[in-house]
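Engineer: Residue numbers (the numbering used here): 11 to 599. Submitted below is the structure of interest, expressed as structure tokens.
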């Protein structure tokens with residue numbers, strides 16, 4: 011068989027022409043499929059009563075005015091988030107290219123640092139982890155000859171690399187020839203570059219066929235740095251990168267998964283299982299919205315899936331969601347539709363209803379209640395967009411820019427952010443652990459304790475014990491100063507710090523039922539509530555003059571806001587069912 015590009019003779023199992031570097035056709039050309047843009051059909055809407063033109067005009071002006079007020083703040087936040095994401099991606103791209111440059115130049119230690127930095131920016135950056143693995147292998151076996159013996163060692167390695175190349179042992183050939191280049195970058199420079207290119211291209215394409223996508227990208231990137239890839243190989247790399255990105259959103263962010271698989275489907279509809287995943291992402295998102303009690307959104311997702319792949323069981327789901335949407339009440343089950351009493355900041359609180367444990371949230375700028383996460387024990391980052399919570403039976407998670415990252419195993423409780431939001435401390439089986447908020451690294455054990463809450467000044471408050479008894483303990487987790495116990499009951503549960511960092515809100519049952527208390531860092535205690543019923547989970551307001559908490563003082567659990575001394579308490583939302591004695595509220599600017 012001959013190469014159709016240059017006419018050179020090819021062996022039956024050649025994937026790439028050794029003479030010109032083009033991919034060998036091993037099958038008859040597939041018929042060309044004309045791609046057409048996917049029509050963007052607006053989502054189906056529930057039936058509504060017809061309004062008069064005058065009424066519609068008034069509503070339009072009112073909504074537009076309110077929308078401008080809300081959008082002025084939110085658009086800035088969203089654009090800022092997009093800018094930060096784009097900047098981080100550009101930084102990762104830059105150091106990935108520098109890593110390839112240093113690897114090609116034989117500067118393996120610098121390449122190692124480059125790829126490690128890429129992974130700190132984006133732990134899922136396609137190809138970076140595999141590049142780092144290869145660099146570490148090269149550093150582990152890199153020979154260190156004396157100057158007199160260097161030429162002999164280089165020649166021996168070169169011969170070994172050539173033999174591996176001739177035997178089509180691509181991985182070994184690339185490793186050994188890379189060692190030669192690390193010892194002497196000028197030794198047989200052009201010939202070694204040609205063999206590494208050919209080996210990396212061939213091996214990368216082979217790994218793609220074996221569905222080892224991340225490894226394949228690493229080798230093909232190495233080849234592409236030395237010389238342009240054939241167009242077919244470039245397209246395969248592009249598909250693989252898009253597929254990995256979309257796959258990483260699976261079960262984490264269904265909207266992003268739909269968007270990413272949709273983009274890949276438009277340019278490569280037959281690539282791997284892209285079509286099946288694209289459809290299934292719509293269905294999974296619809297199922298998620300159904301569980302969250304949002305049938306209208308669920309029906310929209312099912313309808314999009316039906317456009318792509320009609321199915322009887324899916325049609326049944328869509329019809330059920332549509333019926334539920336048309337008959338759904340105007341308010342969220344068990345809560346008011348808005349938090350009219352929320353006058354400043356952002357607030358998050360738990361509810362337990364037919365949909366399970368959920369965290370509801372709202373802000374003063376938009377008082378509409380929405381489901382922030384599934385789970386309980388919420389905490390906002392004080393001056394940022396991150397959000398952490400206990401995620402049911404799966405441990406603790408951090409949500410940042412729509413992506414959820416697991417940071418702790420099942421059983422973890424009360425995750426709390428460091429002042430800068432970069433780290434989280436949580437409790438697990440009576441021990442405190444410190445973990446990076448992005449999920450990187452390994453947890454660090456800090457000692458015994460539970461129910462931690464990290465203050466704005468760096469002090470950590472938690473339930474703990476010393477030789478004299480148990481109560482609320484404070485310490486600085488970033489230094490070796492000894493902890494100090496402030497209160498004297500093992501049932502004292504801290505939940506938040508005042509904005510100035512001098513007072514801690516906690517609840518305790520020292521008076522029979524559970525009530526709210528404050529303790530300052532010097533040990534002075536003030537009782538806040540003393541009425542019938544239980545009052546728990548207090549959160550200082552951003553103004554330092556109010557507190558939000560959970561209470562069943564009127565016979566039904568709800569979310570309250572009061573002055574810091576407990577007066578003028580107002581119930582602003584219902585919080586049905588649940589075990590409220592291990593909960594908290596989060597209220598931040």
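Backbone N, C-alpha and C fix where the C-beta goes; we use that ideal spot for every residue, glycine too.
Would you list the one or two residues that DSSP bridges to residue 445?
Structural biologist: Numbered from its first residue, the chain shown carries residue 445 at position 435. For residue 445, DSSP records a beta bridge to 434.
Engineer: Residues bridged to residue 415 by DSSP?
Structural biologist: Against the chain shown, residue 415 aligns to sequence position 405. DSSP, once it has assigned bridges, lists 408 as partnering residue 415.
Engineer: Span of the beta strand (DSSP E) holding residue 483?
Structural biologist: Translated into positions along the chain shown, residue 483 becomes position 473. Looking at the DSSP string, the run of the beta strand (DSSP E) that includes residue 483 is 479–485.
Engineer: Considering only their Cβ atoms, is the gap separating residue 260 from residue 250 smaller than 8 Å?
Structural biologist: Locating residue 250 in the chain shown gives position 240, counting from the first residue. Locating residue 260 in the chain shown gives position 250, counting from the first residue. Their beta carbons are not under 8 Å apart, which means residue 250 does not touch residue 260 by this criterion.
Engineer: Let me know the secondary structure DSSP gives residue 227 once reduced to three states.
Structural biologist: Counting from 1 along the chain shown, the entry for residue 227 is found at position 217. Three-state result, residue 227: helix.
Engineer: From this set, 593, 375, 388, 599, which residue's C-alpha is nearest residue 553's C-alpha?
Structural biologist: As a first step, residue 553 is located in the chain shown; it is residue number 543 there, counting from the start. Taking only the C-alpha atoms, the option nearest residue 553 is 599.
Engineer: For the beta strand (DSSP E) that contains residue 521, what are its first and last residues?
Structural biologist: Mapped onto the chain shown, residue 521 falls at position 511. Unbroken beta strand (DSSP E) run through residue 521: 513–521.
Engineer: Identify the continuous beta strand (DSSP E) that holds residue 475 and give its terminal residues.
Structural biologist: For the purposes of this step, residue 475 is taken as residue 465 along the chain shown, with counting starting at 1. Per DSSP, residue 475 belongs to the beta strand (DSSP E) from 470–476.
Engineer: Just verifying my parser: in three-state terms, what is the DSSP assignment at residue 538?
Structural biologist: Taking the chain shown and counting its residues from 1, one reaches residue 538 at position 528. Correct three-state label for residue 538: coil.
Engineer: Within its chain, find whatever has a CB closer than 6 Å to the CB of residue 566; leave out the 5 residues flanking it on each side and keep chain order.
Structural biologist: The residue labelled residue 566 in the question sits at position 556 within the chain shown. Cβ neighbours of residue 566 beyond the five flanking positions: none.
Engineer: From residue 464 to residue 511, what distance separates their C-alpha atoms?
Structural biologist: Taking the chain shown and counting its residues from 1, one reaches residue 464 at position 454. Taking the chain shown and counting its residues from 1, one reaches residue 511 at position 501. Near 10 Å, if we compare the C-alpha coordinates of residue 511 and residue 464.
Engineer: Could you tell me if residue 201 is buried or exposed, where buried requires 16 or more neighbouring beta carbons within 10 angstroms of its beta carbon?
Structural biologist: Counting from one through the chain shown, the residue named residue 201 turns up at place 191. Residue 201 comes out exposed.
Engineer: Are at least three pairs of beta-carbons, each pair with one atom in the stretch 345–359 and one in the stretch 312–329, less than 8 Å apart?
Structural biologist: No contact exists between the stretch 345–359 and the stretch 312–329.
Engineer: Compute the distance between the beta-carbons of residue 525 and residue 539, then report whether it is under 8 Å.
Structural biologist: The count along the chain shown starts at 1 and reaches residue 525 at position 515. The count along the chain shown starts at 1 and reaches residue 539 at position 529. Yes, the Cβ-Cβ distance between residue 525 and residue 539 is below 8 Å.
Engineer: Could you check if residue 265 belongs to the surroundings of the ligand COA, using beta carbon to heavy atom distance under 7 Å?
Structural biologist: Among the components of this structure there are no ligands whatsoever, and the ligand COA is therefore not found.
Engineer: Give me the Cα-Cα distance between residue 490 and residue 353, rounded to the nearest whole angstrom.
Structural biologist: The count along the chain shown starts at 1 and reaches residue 490 at position 480. The count along the chain shown starts at 1 and reaches residue 353 at position 343. Taking the straight line joining both Cα atoms gives about 40 Å.
Engineer: Do the stretch 193–200 and the stretch 238–249 touch if we need at least three Cβ pairs shorter than 8 Å?
Structural biologist: no
Engineer: Rounded to the nearest angstrom, what separates residue 432 and residue 397 at their Cα positions?
Structural biologist: Counted from its first residue, the chain shown places residue 432 at position 422. Counted from its first residue, the chain shown places residue 397 at position 387. Rounded to whole angstroms, residue 432 and residue 397 show a C-alpha spacing of 12 Å.
Engineer: Rounded to whole angstroms, what's the CA-CA distance from residue 225 to residue 187? Just pull it up for me.
Structural biologist: Mapped onto the chain shown, residue 225 falls at position 215. Mapped onto the chain shown, residue 187 falls at position 177. Cα-Cα distance, rounded: 19 Å.
Engineer: Taking Cβ to Cβ, would you say residue 124 is nearer than 8 Å to residue 108?
Structural biologist: Here residue 124 is taken as the residue at index 114 of the chain shown, counted from 1. Here residue 108 is taken as the residue at index 98 of the chain shown, counted from 1. Closer than 8 Å, so yes.
Engineer: Would you kindly work out how many angstroms separate the C-alpha atoms of residue 171 and residue 325, rounded to a whole number?
Structural biologist: Along the chain shown, one-based indexing puts residue 171 at 161. Along the chain shown, one-based indexing puts residue 325 at 315. CA-to-CA, the gap between residue 171 and residue 325 works out to about 59 Å.
Engineer: Quick test of your reading: residue 427 and residue 447, contact by CB under 8 Å. State the CB separation rounded to the nearest angstrom.
Structural biologist: Position 417 of the chain shown, counted from the start, is the residue given in the question as residue 427. Position 437 of the chain shown, counted from the start, is the residue given in the question as residue 447. The Cβ separation is near 7 Å, so the contact holds.
Engineer: Let me know the secondary structure DSSP gives residue 496 once reduced to three states.
Structural biologist: Numbered from its first residue, the chain shown carries residue 496 at position 486. Looking at residue 496 - three-state DSSP - the assignment turns out to be coil, as it is neither helix nor strand.
Engineer: Are there three or more Cβ pairs, one per stretch, closer than 8 Å when the stretch 583–597 is compared with the stretch 378–388?
Structural biologist: yes
Engineer: May I have the straight-line CA-CA distance separating residue 580 from residue 558, to the nearest angstrom?
Structural biologist: Along the chain shown, one-based indexing puts residue 580 at 570. Along the chain shown, one-based indexing puts residue 558 at 548. Distance between the alpha carbons of residue 580 and residue 558 is about 9 Å.
Engineer: Let me know if residue 165 comes out buried or exposed under the rule of 16 or more other beta-carbons within 10 Å of its beta-carbon.
Structural biologist: Here the question's residue 165 lines up with position 155 in the chain shown. Result: exposed.
Engineer: Would you decide whether residue 452 is buried or exposed? Buried here means 16 or more other CB atoms lie within 10 Å of its CB.
Structural biologist: Locating residue 452 in the chain shown gives position 442, counting from the first residue. Residue 452 is exposed by the Cβ-count criterion.
Engineer: In chain order, what residues of the same chain have a beta carbon less than 6 Å from the beta carbon of residue 118, not counting five sequence neighbours either side?
Structural biologist: Position 108 of the chain shown, counting from 1, holds the residue named residue 118. Result list for residue 118: 145, 148, 149, 192, in chain order.
Engineer: Excluding sequence positions up to five away, which residues of its chain have a Cβ less than 6 Å from the Cβ of residue 287?
Structural biologist: Taking the first residue of the chain shown as position 1, residue 287 is located at position 277. Closer than 6 Å at Cβ, skipping near neighbours: 271.
Engineer: Measure the CB-CB distance between residue 371 and residue 356 and report whether it falls below 8 Å.
Structural biologist: The residue labelled residue 371 in the question sits at position 361 within the chain shown. The residue labelled residue 356 in the question sits at position 346 within the chain shown. Yes. Within cutoff.
Engineer: Please return the same chain residues whose Cβ sits closer than 7 Å to the Cβ of residue 298, not counting the five positions on each side in sequence.
Structural biologist: Here residue 298 corresponds to residue number 288 of the chain shown, with the count starting at 1. So the qualifying residues of the chain are 264.
Engineer: Use the C-beta contact count for residue 137: other C-beta atoms within 10 angstroms, 16 or more gives buried, fewer gives exposed.
Structural biologist: Within the chain shown, residue 137 is the residue found at index 127, counting from 1. That one is buried.
Engineer: Can you tell me the Cα-Cα spacing of residue 600 and residue 230, whole angstroms?
Structural biologist: This structure does not reach residue 600, given that the chain is present from 11 up to 599, and the question cannot be answered.
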